[in-house]
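S.K.: Every letter in the sequence shown is one number past the one before it in the numbering used here, and letter 62, counting from 1, is 64. Backbone N, C-alpha and C fix where the C-beta goes; we use that ideal spot for every residue, glycine too. No experiment lies behind these values; they were computed from the predicted model shown.
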Amino acid sequence: MQREQVVVRSDDTRRAELEAAGWVVSSRSWAAQLTASRIDVDALSTMVQRGRRHGDIREIGDADLTSVLALDSATLADYPGGVANRHSALTMSTARVTGARRGFGVFDDEGRVVAVTFVDIDGRRAETDFTVVAAGSRGLGIGSAVKAASVLALLRDGIEIFRTGGAAENVAILASNMSLGYVVDEEWVTLSPPLQVAETGRARR
3 MQREQVVVRS DDTRRAELEA AGWVVSSRSW AAQLTASRID VDALSTMVQR GRRHGDIREI
63 GDADLTSVLA LDSATLADYP GGVANRHSAL TMSTARVTGA RRGFGVFDDE GRVVAVTFVD
123 IDGRRAETDF TVVAAGSRGL GIGSAVKAAS VLALLRDGIE IFRTGGAAEN VAILASNMSL
183 GYVVDEEWVT LSPPLQVAET GRARR
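See below:
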């Protein structure tokens, strides 16, 4: 019998079948889309300017990789949402930007990265891999700012569809994406099997 957690869309018929068998929703997540025609360039530009009060915002280059890896290592435990939103630690290879993988960062006065967003490109479509802000720099709007900077740069390069997502319990990142113009169009649930729930006294997350 299957004992691993299962991630399905909230309207998937398998959800009802699994819940009837005793499986329990242990976390929820969402996906959202922004199209080029709906982007408010002025609003996003304002976000970027506000973010620049706290650091330089620009694309990541090879010289930044050591700092990017340090931020990634320090924030690995900060991603909520369980298996549906799991983030794998960056390596020097996966942190390096290419034509198909772009990275943007916010850098403090000493050149250390305090926020990053990485985006995977497929034709005229861009999918956010992850966005993260250093613990001591949260609440300043720089997460929204660096993501706005990425959208504006990719828009100039001809990207027409932008996708992103996250854990439902991360209210701040959901609000941030809504402010950028993203519209939630998918909801997902992570289901834990009955035995796992019984063993732990609660669903693992």
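Is the Cβ-Cβ distance between Thr166 and Asn179 less than 8 Å?
M.R.: In contact: Thr166 and Asn179 (Cβ atoms closer than 8 Å).
S.K.: Residue ranges of each alpha helix (DSSP H) run of no fewer than 4 residues wholly in the stretch 96 to 144, ordered along the chain?
M.R.: You should have found no qualifying run.
S.K.: Indicate the three-state DSSP secondary structure (helix, strand or coil) for Ser12 in the structure shown.
M.R.: Reduced to three states, the DSSP call for Ser12 is coil.
S.K.: Can you check the stretch 22 to 75 for any beta strand (DSSP E) of at least 3 residues that lies completely inside it and give the ranges in chain order?
M.R.: Whole beta strand (DSSP E) segments, 3+ residues: 26 to 37 and 58 to 61.
S.K.: For Met49, does the count of other Cβ atoms within 10 angstroms reach 16, so buried, or fall short, so exposed?
M.R.: Its Cβ being crowded by 16 or more others within 10 Å, Met49 is buried.
S.K.: Spell out the partners DSSP gives Ser194 in its beta bridges.
M.R.: For Ser194, which the question treats as bridged, DSSP gives the partners Val26.
S.K.: Rounded to whole angstroms, how far is the Cβ of Gly168 from the Cβ of Gly83, which I believe are closer than 8 Å?
M.R.: About 7 Å separates the two Cβ atoms, so the contact holds.
S.K.: Are Ala136 and Thr68 close, meaning C-beta to C-beta below 8 Å?
M.R.: Contact flag unset, no.
S.K.: Do Ser161 and Ala33 have their C-beta atoms closer together than 8 Å?
M.R.: It should be pointed out that residue 161 corresponds to Ile in this sequence rather than to Ser. No, these two residues do not count as a Cβ contact at 8 Å.
S.K.: DSSP state of Ala18, grouped into three classes?
M.R.: Of the three classes helix, strand and coil, the one that applies to Ala18 here is helix, per DSSP.
S.K.: What distance in whole Å lies between the Cβ atoms of Val99 and Gly107, which are believed to be in contact at a cut-off of 8 Å?
M.R.: Not confirmed; about 10 Å, so no contact.
S.K.: Pull up the distance between the alpha-carbon of Arg30 and that of Gly101, whole angstroms please.
M.R.: Cα to Cα, the separation comes out at about 32 Å.
S.K.: What's the call for Asp13, buried or exposed, on a 16-neighbour Cβ count within 10 Å?
M.R.: Under this definition Asp13 is an exposed residue.
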